[in-house]
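Here is the structure we will look at.
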Amino acid sequence: GERTLLMDLDTSKSANDGKSFTAGIGTMEFMAPEVVSGRGGLLSDVWSLGAVFLLMVAQIDSPLLPRQGVNTLLCFSEWEKEELLDAIRNAIDRANPSTPRPMLGLICSMLIHDTAARPSMRQVCESLETIMEQLLISS
């Protein structure tokens, strides 16, 4: 059946005059790992958007995934890279096995803890545009 996702943006903030936020503001579940440790930047928003995409595609209520038998927040540093990526892929494949592989790959890349390996917001937008074009062409 259909499912509705509501977001509460009450605590969202704007970065004015080119300033960026490094302090944690908002809901812990959607904070990038670097924000949790006080080193946030522009790529932190990419991670948070990836968490929102994961919730929508995997049809889960919060970004908690099983890790060694315990539901663990995605932002916690205990996750090893491959362990995290496997948990994301499994959650999406369980709920939505027909998810286009490029979308699955994009979500995984957005949720990488290493900011140097994470795509920029421009790259995310370009990937989404390509994914949508491919979906339109194939339908």
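Under my numbering, read the sequence shown as residues -18 to 120, first letter to last. Ideal placement from N, C-alpha and C gives every residue a C-beta, glycine not left out. Since this is a predicted model, take the numbers as computed values, not measurements.
According to DSSP, residues forming a beta bridge with residue i
| i | result |
| --- | --- |
| arginine 48 | Val51 |
Cβ separation of residue i and residue j, assumed to be a contact under 8 Å, to the nearest whole Å
| i | j | result |
| --- | --- | --- |
| serine 29 | alanine 39 | Incorrect: roughly 16 Å between the Cβ atoms, too far for contact. |
| threonine 96 | glycine 19 | Not quite, the Cβ-Cβ distance comes to about 14 Å (not below 8 Å), so this is no contact. |
| arginine 82 | serine 90 | About 12 Å; that fails the 8 Å criterion. |
Pair within 9 Å by beta-carbon distance, residue i and residue j
| i | j | result |
| --- | --- | --- |
| arginine 70 | leucine 55 | no |
| leucine 35 | leucine 109 | no |
| valine 105 | valine 27 | yes |
| alanine 72 | tryptophan 60 | no |
| serine 119 | histidine 94 | no |
Closest residue to residue i among the options (Cα-Cα distance)
| i | options | result |
| --- | --- | --- |
| isoleucine 112 | Ala98, Met91, Leu87 | Leu87 |
| leucine 45 | Glu10, Pro78, Glu63 | Glu10 |
| serine 79 | Val33, Leu116, Asn52 | Leu116 |
| leucine 65 | Arg48, Ser119, Arg75 | Arg48 |
| serine 25 | Ser120, Met102, Phe57 | Met102 |
| serine 43 | Thr8, Asn77, Arg75 | Thr8 |
Helix, strand or coil at residue i [DSSP, three-state]
| i | result |
| --- | --- |
| phenylalanine 57 | coil |
| arginine 20 | coil |
| alanine 13 | coil |
| threonine 8 | coil |
| arginine 75 | helix |
| threonine 96 | helix |
| aspartate -9 | Its pLDDT being 49, under 50, aspartate -9 is placed unreliably by the model, and nothing is read from it. |
| aspartate 67 | helix |
| aspartate 42 | coil |
| aspartate -2 | Unreliable positioning characterises aspartate -2 in this predicted model, as indicated by a pLDDT of 49, which lies under 50. The coordinate reading is nonetheless provided below. Here aspartate -2 sits in coil by DSSP. |
| threonine 80 | coil |
| serine 119 | helix |
| serine 90 | helix |
| serine 101 | coil |
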